[in-house]
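In order, the protein sequences belong to chains A and B. Counting in full-length UniProt numbering, the first sequence runs from 1 upward without gaps. Counting in full-length UniProt numbering, the second sequence runs from 1 upward without gaps.
Protein chains: 2
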Amino acid sequence: MTLSPPPAARVGDALVSVGTPSLIIDLDAFDANLAAMSAFAARHGVALRPHAKAHKSSAIAQRQIDSGAVGVCCQKLSEAYPFAAAGIASIHVSNEFVGADKLAMAVELASHVRLSVCVDALPQVQAVGEAAARAGVTIDVLPEVDAGQHRCGVTSEDALIELVDAIGAQSALRFTGIQAYHGGIQHVADWHARKSEARRAADSAARYVRALEARGMRCAIVTGGGTGTVEFDAASGVYTELQPGSYLFMDGDYGGIGWGGEMRWRHSLFVLSTVMSATRPGMAVCDVGLKGLAVDSGLPRSARWLDPSIEPVLTYGSANDEHGMLQAHGAPEDDLAELVGKRLLLPPGHCDPTVNLYDEYVCFRGAHVTDIWPIDARGLSR
Amino acid sequence: MTLSPPPAARVGDALVSVGTPSLIIDLDAFDANLAAMSAFAARHGVALRPHAKAHKSSAIAQRQIDSGAVGVCCQKLSEAYPFAAAGIASIHVSNEFVGADKLAMAVELASHVRLSVCVDALPQVQAVGEAAARAGVTIDVLPEVDAGQHRCGVTSEDALIELVDAIGAQSALRFTGIQAYHGGIQHVADWHARKSEARRAADSAARYVRALEARGMRCAIVTGGGTGTVEFDAASGVYTELQPGSYLFMDGDYGGIGWGGEMRWRHSLFVLSTVMSATRPGMAVCDVGLKGLAVDSGLPRSARWLDPSIEPVLTYGSANDEHGMLQAHGAPEDDLAELVGKRLLLPPGHCDPTVNLYDEYVCFRGAHVTDIWPIDARGLSR
Numbered sequence: 001m002t003l004s005p006p007p008a009a010r011v012g013d014a015l016v017s018v019g020t021p022s023l024i025i026d027l028d029a030f031d032a033n034l035a036a037m038s039a040f041a042a043r044h045g046v047a048l049r050p051h052a053k054a055h056k057s058s059a060i061a062q063r064q065i066d067s068g069a070v071g072v073c074c075q076k077l078s079e080a081y082p083f084a085a086a087g088i089a090s091i092h093v094s095n096e097f098v099g100a101d102k103l104a105m106a107v108e109l110a111s112h113v114r115l116s117v118c119v120d121a122l123p124q125v126q127a128v129g130e131a132a133a134r135a136g137v138t139i140d141v142l143p144e145v146d147a148g149q150h151r152c153g154v155t156s157e158d159a160l161i162e163l164v165d166a167i168g169a170q171s172a173l174r175f176t177g178i179q180a181y182h183g184g185i186q187h188v189a190d191w192h193a194r195k196s197e198a199r200r201a202a203d204s205a206a207r208y209v210r211a212l213e214a215r216g217m218r219c220a221i222v223t224g225g226g227t228g229t230v231e232f233d234a235a236s237g238v239y240t241e242l243q244p245g246s247y248l249f250m251d252g253d254y255g256g257i258g259w260g261g262e263m264r265w266r267h268s269l270f271v272l273s274t275v276m277s278a279t280r281p282g283m284a285v286c287d288v289g290l291k292g293l294a295v296d297s298g299l300p301r302s303a304r305w306l307d308p309s310i311e312p313v314l315t316y317g318s319a320n321d322e323h324g325m326l327q328a329h330g331a332p333e334d335d336l337a338e339l340v341g342k343r344l345l346l347p348p349g350h351c352d353p354t355v356n357l358y359d360e361y362v363c364f365r366g367a368h369v370t371d372i373w374p375i376d377a378r379g380l381s382r
Numbered sequence: 001m002t003l004s005p006p007p008a009a010r011v012g013d014a015l016v017s018v019g020t021p022s023l024i025i026d027l028d029a030f031d032a033n034l035a036a037m038s039a040f041a042a043r044h045g046v047a048l049r050p051h052a053k054a055h056k057s058s059a060i061a062q063r064q065i066d067s068g069a070v071g072v073c074c075q076k077l078s079e080a081y082p083f084a085a086a087g088i089a090s091i092h093v094s095n096e097f098v099g100a101d102k103l104a105m106a107v108e109l110a111s112h113v114r115l116s117v118c119v120d121a122l123p124q125v126q127a128v129g130e131a132a133a134r135a136g137v138t139i140d141v142l143p144e145v146d147a148g149q150h151r152c153g154v155t156s157e158d159a160l161i162e163l164v165d166a167i168g169a170q171s172a173l174r175f176t177g178i179q180a181y182h183g184g185i186q187h188v189a190d191w192h193a194r195k196s197e198a199r200r201a202a203d204s205a206a207r208y209v210r211a212l213e214a215r216g217m218r219c220a221i222v223t224g225g226g227t228g229t230v231e232f233d234a235a236s237g238v239y240t241e242l243q244p245g246s247y248l249f250m251d252g253d254y255g256g257i258g259w260g261g262e263m264r265w266r267h268s269l270f271v272l273s274t275v276m277s278a279t280r281p282g283m284a285v286c287d288v289g290l291k292g293l294a295v296d297s298g299l300p301r302s303a304r305w306l307d308p309s310i311e312p313v314l315t316y317g318s319a320n321d322e323h324g325m326l327q328a329h330g331a332p333e334d335d336l337a338e339l340v341g342k343r344l345l346l347p348p349g350h351c352d353p354t355v356n357l358y359d360e361y362v363c364f365r366g367a368h369v370t371d372i373w374p375i376d377a378r379g380l381s382r
């Protein structure tokens, strides 16, 4: 029996008739963000290699390439497959990996695309080098340095030099530079504080670069940076390549931090939800909870009605698995039953893990659906 | 080009070679939980209709049916499709819904299975009744009553009677009882406190039942209850049908509450993860974060080595998107580099949304993979 749910939306549908919950993109805002980052990178003469872990969609990656990106980053090897399959020619896996299953993926990917990977330990260099040699492929390798996040990456210049020497000893590996990414400072709220944290990370990266240069090892690429720090990273004189991801969407958490200088991003990503119950005064319940909204960085900070003529202001107060609890502002006794069936636009607190809950983006301009983009790397976390 | 990631595991593989992160089921523990709940329901003479939102897998639903369940619950209409397609003959959608897209799903499902749904408002009764009549199908309807959760459900006996009258006026609808579910008390830590909260919910349900009986309306079904309260619900004399879901897996949060009486559940669900970096003293990084572990109810409370001979005790301290930060207990200066490549069993803090991140269960007995079960309702939240 072929029995499967109907699509949430088709191109041409009115936005108001899209099945909910759905993940929707305001394409006007999206296009503005896409163009602004491309122009920014070009203006500063740095390469743009957006992080595809944010959107997990080869349709979006292709748009980034078309507007000037040199390739994409992926965080996992399995995540890279749909991008390779879609013809994205240059993929950087911005993460360490270990194990036979991962090595098999790396060499398969490297036979289709120009692949670069991160390493931070000698055994990994040897394992990748031997696997690549056996498979007859070449893999670019960028040791990761700890630029202050204290997560992955080498913590000394000596350890870095050892890694680069080891890469040089592997005929199937090519040393192309280093990765210095500090995720922990991307969301620092104060713009000036974020600027000085970014400077500190860039200075740290520069020390590693100089240590290599002193040994005659040139870093063609210094890659890193996220949406929160690219404006500083681009101006640092250290980074040659930027890895922002969230700029396309702007999540609630990023939206809440301070912005200055050149950077202005628009919220383009929302979860569209429907009020499905309202039996208590001042309360309503919508149809999206933990399974349609990542809450690790907070709940949606606003709940805007799709129909702007609707008046009560509601707050998304808590999430159960499949329910969102909405409270009326300053009107605890109002009967909200008339809101049942009405639709809300909820900006996710954290885009990346929210995107990972959906199989497609429903893209709209104005009041109509114009595109459906598969989230073809959804769930690919190996 | 057909280029897609290799499978994480195949039947017969050694567990130690399964690609990570993967969601794995210890089948011995799973079978014990499955059998225990079936025996419990049979002993108490209540129907068991497990909640499939917990596992989202028709393979598991079939095992529940085979061991005596009368059907399953789903939380969303789209979620019900794979169960209907797999031949599960009786499905209860334990939730309200609104809108033309949802009505279309309801009548399509009702043409394949015995479908029951929840309502808590008159317009929904009319909409479902008219859609069912137009489609020539019959739908069982169970008004939801608020048993104390203050989420969905009617809040007065009069409102309930109005709903039942309205259901009676629709030729394509069949009133079969009520739903009284109180999710908020499932995780009350103290066993005695949970018992008295469950009694209060059952008393509330009983008042609604009596109000209907006083009007000559018989509730053939009073459905509700979750893993935390089924022992009390079964003994309440009120509930005829129980909806537990988590008992199969036991998540970290449930595992942390007090258990008494007859109920003893085993942890059967884990995320298998690999340590992929360890460049700082006393710290290691594993390959699963927010995209492979729901953290809304807390981080994994333990991190057990797959190989029990490995000694250092690590704590899963924080989750980034694709990284888990591990700290060594009481050994902040230890070099943990030798742990890179070793595998950890992480019990999710909250099973339901964790399951929703994966496409399959890798099932094992002892040290080997014995089954792969698709999570065919993953992501179906409409």
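Every residue, glycine too, gets a C-beta built ideally from N, C-alpha and C. These numbers come from a predicted model, not from an experiment.
Under the three-state DSSP convention, the category residue i falls into
| i | result |
| --- | --- |
| Q126 of chain A | helix |
| Y358 of chain A | coil |
| F30 of chain A | helix |
| D140 of chain B | strand |
| E333 of chain B | coil |
| E231 of chain B | helix |
| Y247 of chain A | helix |
| C286 of chain A | strand |
| Q62 of chain A | helix |
| H350 of chain A | coil |
| H187 of chain B | coil |
| H192 of chain A | helix |
| G168 of chain B | helix |
| G255 of chain A | helix |
| F97 of chain B | coil |
| S318 of chain B | strand |
| A106 of chain B | helix |
Chain-order list of residues whose beta-carbon lies under 7 Å from that of residue i (same chain, five-residue window excluded)
| i | result |
| --- | --- |
| S302 of chain A | P347 |
| L163 of chain A | V119, L122, V125, P143, V154 |
| A220 of chain B | T176, G177 |
| W265 of chain A | N33, Y247, M250 |
| N67 of chain A | In the sequence as presented, Asn is not what sits at residue 67 of chain A; that position holds Ser. These residues qualify, in order along the chain: L34, A35, S38. |
For residue i, the residue or residues it bridges with in DSSP
| i | result |
| --- | --- |
| P82 of chain A | Looking at the DSSP assignment, P82 of chain A forms no beta bridge with any residue, so it has no partner. |
| P374 of chain A | A:E360 |
| T2 of chain B | DSSP, once it has assigned bridges, lists no residue as partnering T2 of chain B. |
| E241 of chain A | A:A47, A:T223 |
| C118 of chain A | A:L142 |
| L272 of chain A | A:S22, A:L345 |
6 Å Cβ shell around residue i - same chain, five flanking residues per side excluded
| i | result |
| --- | --- |
| I65 of chain A | none |
| S318 of chain A | M325 |
| S58 of chain B | P82, F83, A86, D376 |
| K195 of chain B | F232 |
| A337 of chain B | A278 |
| V113 of chain A | A84, A89, I91 |
| Y361 of chain B | L23, I25, W373 |
| D190 of chain B | G258 |
| L290 of chain A | A319, D321 |
Own chain residues within Cβ distance below 8 Å of residue i, not counting five before or after
| i | result |
| --- | --- |
| W305 of chain B | K342, R343, L344, L345 |
*Between the stretch 143-150 of chain A and the stretch 202-211 of chain A, are three or more C-beta pairs nearer than 8 Å?*
yes
*Taking Cβ-Cβ distances below 8 Å as the criterion, which residues of the stretch 25-37 of chain B are in contact with chain A?*
none
_the stretch 274-289 of chain B in contact with the stretch 247-257 of chain B per 3-pair CB rule at 8 Å_ = no
*Are at least three pairs of beta-carbons, each pair with one atom in the stretch 294-301 of chain B and one in the stretch 325-334 of chain A, less than 8 Å apart?*
no
*If you measure beta-carbon to beta-carbon, which residues of the stretch 263-277 of chain A are closer than 8 Å to chain B?*
T274, V275, M276, S277
*Just by C-beta distance, which residues in the stretch 170-194 of chain A are closer than 7 Å to chain B?*
G183
*asked:* Measuring CB atoms only, is the stretch 23-32 of chain B touching the stretch 359-374 of chain B, in the sense that at least three cross pairs come out at less than 8 Å?
replied: In short, these stretches touch, since the Cβ pair count reaches three.
*asked:* Three Cβ pairs or more, each shorter than 8 Å: is that satisfied between the stretch 254-266 of chain B and the stretch 128-140 of chain A?
replied: no
*Can you list, in chain order, the residues of the stretch 355-376 of chain B whose Cβ is nearer than 9 Å to any Cβ on chain A?*
If the cut-off is 9 Å between Cβ atoms, the stretch 355-376 of chain B has N356, L357, Y358, D359 near chain A.
_Can you confirm whether the stretch 41-57 of chain A touches the stretch 12-19 of chain B when touching is taken to mean that 3 or more C-beta pairs between the two stretches lie within less than 8 Å?_
no
*asked:* Taking beta-carbon pairs under 8 Å, can you tell me which members of the stretch 142-164 of chain A lie near chain B?
replied: D146, H150, R151, C152, G153, V154, T155, A159
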